[in-house]
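Just below is one structure, and these are the notes that go with it.
Protein chains in written order, with our numbering: chain A, 3 to 219; chain B, 3 to 219.
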């Protein structure tokens, strides 16, 4: 399986155009969290899996999901994991895909967004956090394991940021507008508002987890 | 000076009601970043200081700001600091206030938000990061230095999250819906979706920086 799509519970105002205007053009199966599943049905897409505590939708809407979606997993609101975590783990288990496109991961409650941002530190996501792409209207976030990378400029985005989410060693940005040489820290830093000089940027680091955010205003 | 208000460049859709509907009821002087200053003028409020590269507003709008605001600081877009950082440092220098209410710190570009979230690690903010309150439509964020605290339930908010922004030792949540006992980690974790059982929550930690986020859906 190449690509799986996941719709979390973040607000519609954060959806990128591909989701709000041309969702049927997006390849691959869907997994929906909570009222994300309802949005998919409204768009004529039947997700393979629906997961959540569904406390943000009413009984009739829950029945609609249950009647249409083969794999409907309802959890109690008191569960230990967020809907996001449950969704991503279920998608990983079912598909073992090469790419996980995640929509609705941003906006709304910041504590939920930060769970999504920091989940690469959770050992359960170790084998696939570098295959996640969080997509919002103005941002794409991906995560990198230690190594050296060539980053491609995403169509329509103006800025690129490198964010060491926790401790990092030997972080280098070789050929962007703003270079960084052999940076080490024990805490997170958002190296914001960098830009491409060429079609690609070379960067790398020796230990830690780095998020790459391409964005526009 | 008790309270200063700062309006950063985040989108209006993230403004809390007090800002979008009754801004004149907010006590204290204002500092505006970039087009935040323009919004303040439109609302009939003259900020004491306007800071930014102002590349998101046109010449005529810049002239309006310059003619009306005594302290108009224009920086080149290539500067090392974000508008947020410059604004907060200028407010600190001018007022040395007890509380800095910061609006427009969330939404839009995530790399900018993360600069705001991680700035307590920057030594220039060490003496006042625990006096910052980031306010959005559905979230209030504040930062704590090591110690033991009694947190008060903010009117209208449902959830509370404790987020160790980097390494933390002996993090304890004593009397919330979900307790936490003597947690230690070298990386950030968002302890999301906690709730008040009483009017206050006792919590504490020995080293690190913890953000407290009160939120609603």
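Ideal Cβ placement from N, Cα and C applies to all residues, glycine included.
Worksheet item: Listing by chain order, which chain B residues have their CB less than 8 Å from the CB of residue 219(A)?
Response: Chain-ordered, the chain B residues with CB closer than 8 Å to the CB of residue 219(A) read 58, 110, 111.
Item to complete: Output the distance between the C-alpha atoms of residue 212(A) and residue 92(A), rounded to the nearest integer angstrom.
Response: The straight-line gap from Cα to Cα measures roughly 24 Å.
Fill in: Beta-carbon proximity of residue 160(B) to residue 202(B), cut-off 7 Å
The answer is no: Cβ separation not under 7 Å.
Item to complete: Under 6 Å Cβ to Cβ from residue 21(A), same chain only, skipping five residues before and after it: list those, please.
Response: Result list for residue 21(A): 105, in chain order.
Worksheet item: What is the residue span of the beta strand (DSSP E) that residue 56(B) lies within?
Response: No beta strand (DSSP E) contains residue 56(B), which DSSP labels as neither H nor E.
Worksheet item: Closest to residue 205(A) by CA distance: which of 195(A), 52(A), 138(A), 181(A) is it?
Response: Here the closest residue by C-alpha is 181(A).
Discussion item. If contacts are defined as beta-carbon pairs under 8 Å, then residue 7(B) and residue 38(B) qualify, I think. What distance do you get, rounded to the angstrom?
Written reply: Actually they are not in contact, since the Cβ atoms of residue 7(B) and residue 38(B) sit about 10 Å apart, beyond 8 Å.
Practice prompt. Return the chain-ordered ranges of every alpha helix (DSSP H) run that is complete within the stretch 60-119 of chain A and spans a minimum of 4 residues.
Written response: If we require 4 residues or more, the alpha helix (DSSP H) runs fully inside the stretch 60-119 of chain A come out as 61-70, 85-97.
Discussion item. I'd like to know whether the C-beta of residue 172(B) is nearer than 7 Å to at least one C-beta of chain A.
Written reply: Among the residues facing chain A, residue 172(B) is not included, as its CB has no counterpart in that chain under 7 Å away.
Practice prompt. Pull out every residue of the stretch 141-170 of chain B whose Cβ sits closer than 8 Å to any Cβ of chain A, in chain order.
Written response: 141, 143, 161, 163, 165, 167, 168, 169: these are the residues of the stretch 141-170 of chain B whose beta carbon lies less than 8 Å from some beta carbon of chain A, given in chain order.
Practice prompt. To the nearest angstrom, report how far apart residue 62(A) and residue 56(A) are at their CA atoms.
Written response: Their Cα atoms are separated by approximately 11 Å.
Discussion item. Please give me, in chain order, every unbroken run of the beta strand (DSSP E) with length at least 3 that falls completely inside the stretch 5-49 of chain A.
Written reply: The stretch 5-49 of chain A contains these whole beta strand (DSSP E) runs: 5-9, 32-35.
Practice prompt. Report the neighbours of residue 53(A) on chain B: residues whose CB is nearer than 9 Å to its CB, in chain order.
Written response: For residue 53(A), none of the residues of chain B pass the 9 Å Cβ criterion, the least Cβ distance being about 16 Å.
Practice prompt. Give the single residue among 59(A), 110(A), 23(A) whose Cα lies nearest to the Cα of residue 15(B).
Written response: Distances from the CA of residue 15(B) to each of 59(A), 110(A), 23(A) were compared; the closest alpha carbon is that of 110(A).
Worksheet entry | Alpha-carbon spacing of residue 155(B) relative to residue 198(A), whole angstroms | Going from the Cα of residue 155(B) to the Cα of residue 198(A) covers about 45 Å.
Discussion item. Please identify the residue among 18(B), 9(B), 17(B), 27(B) whose C-alpha is closest to the C-alpha of residue 40(B).
Written reply: Checked all of 18(B), 9(B), 17(B), 27(B); the closest Cα to residue 40(B) is 9(B).
Worksheet item: If you run the structure through DSSP and keep just helix, strand and coil, what is residue 199(B)?
Response: Residue state, collapsed to three classes: coil.
Fill in: Chain-ordered neighbours of residue 190(B) on chain A, where CB pairs are closer than 9 Å
Under the 9 Å cutoff, chain A gives 116, 119, 120, 123, 167, 168, 189, 190.
Worksheet item: How would you label residue 128(A), buried or exposed, when you count the other beta carbons within 10 angstroms and need 16 or more for buried?
Response: With fewer than 16 other Cβ atoms within 10 Å, it is exposed.
Worksheet item: Shorter than 7 Å from the beta carbon of residue 175(A) to some beta carbon of chain B?
Response: No, because no Cβ of chain B sits closer than 7 Å to the Cβ of residue 175(A).
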